[in-house]
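To convert a position in the sequence shown, counted from 1, into this note's numbering, add 17.
For glycine and all other residues, C-beta sits at the position ideal for the given N, C-alpha and C.
Computed from a prediction, not measured in an experiment: that's the story for all the values here.
Notes follow the structure.
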Amino acid sequence: MGQFRDHARSYSARAAAYSVDLDHLAEGHTPPVMIITCSDARLVPALITGSRPGDLLELRTHGGTVPRFDPEDPSGEASTIEFAVEGLRIADIIVCGHSHCEAVNSAITEKGESPPRRTTGDITAAGHWHVVQQLDVLSDYPCVAPRLIDGTLRLHAWFHEVDTGATLQHRPGANAFLPL
């Protein structure tokens with residue numbers, strides 16, 4: 018825990034060394050991109066994307082799952098998505114899954130099966146499918162659909178390979194995840 022405290026104490030000095038204008042950040046934020054990804058500690062969206070403070074709005078959920086929109090019972094995730102799309106007017110949303118995801122692995126493992134009889138290929142394919150499904154759920158949000166139609170919002174499906182550091186992007190025409 019000590020190293021985290023030390024880094025928190027030295028944040029302003031480190032920010033200055035990287036020319037991060039903290040006064041400017043205090044005035045507000047207008048990130049152009051939102052990333053929705055798993056809360057897995059092995060994923061660090063800012064490190065993967067090379068973004069700086071204020072560049073990327075992050076929404077981290079179990080398995081990178083986007084809940085279905087329910088006007089009668091809005092979730093915190095739905096409120097964050099609505100704020101990003103309507104309030105911040107972000108232009109792009111990335112849904113980023115990852116390899117070795119316990120949430121996806123447990124979702125495809127049949128109950129009572131021990132140990133799981135899945136190959137790495139099965140789990141990777143399930144992870145790819147999961148990410149694409151989250152785009153479908155996201156596109157049904159009332160704040161998202163009109164912006165997709167008018168072209169002011171774009172959705173992207175990414176898949177990060179934890180073991181190699183490679184990030185792939187879904188190419189609908191090829192129906193495949195290919196290197197960025």
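1) Just curious, the beta strand (DSSP E) that E75 is in, first and last residue?
2) Taking the C-alpha atoms as reference points, what is the distance between G129 and L73?
3) Put H117 into one of helix, strand or coil per three-state DSSP.
4) Helix, strand or coil for T97, going by three-state DSSP, please let me know.
5) Taking buried to mean at least 16 other C-beta atoms within 10 Å of its own C-beta, is L42 buried or exposed?
6) Which residue marks the beginning of the beta strand (DSSP E) containing A34, and which one marks its end?
7) By a C-beta neighbour count over all protein chains shown, 10 Å radius and 16 as the cutoff for buried, is T169 buried or exposed?
8) Taking only three categories from DSSP, how would you classify K128?
9) Would you say the stretch 77–86 touches the stretch 47–56, given that touching needs at least three Cβ pairs under 8 Å?
Straight from the coordinates:
1) In the DSSP assignment, E75 falls within the beta strand (DSSP E) that extends over 73–78.
2) With a pLDDT of 47 at G129, under the threshold of 50, the modelled position of this residue cannot be trusted; read the value that follows with caution. For the pair G129 and L73, the Cα-to-Cα distance works out to about 40 Å.
3) Of the three classes helix, strand and coil, the one that applies to H117 here is coil, per DSSP.
4) Looking at T97 - three-state DSSP - the assignment turns out to be helix.
5) Exposed, by the Cβ-count rule.
6) No beta strand (DSSP E) contains A34, which is instead part of the alpha helix (DSSP H) from 28–34.
7) Classification of T169: exposed, given that the 10 Å Cβ count is below 16.
8) Model confidence at K128 stands at a pLDDT of 47, short of 50, so the residue's coordinates are unreliable; what they give is reported in the following sentence. In the structure shown, K128 sits in coil (DSSP, three-state: anything other than H, G, I, E or B).
9) Under the 8 Å Cβ criterion, the stretch 77–86 counts as touching the stretch 47–56, having at least three qualifying pairs.
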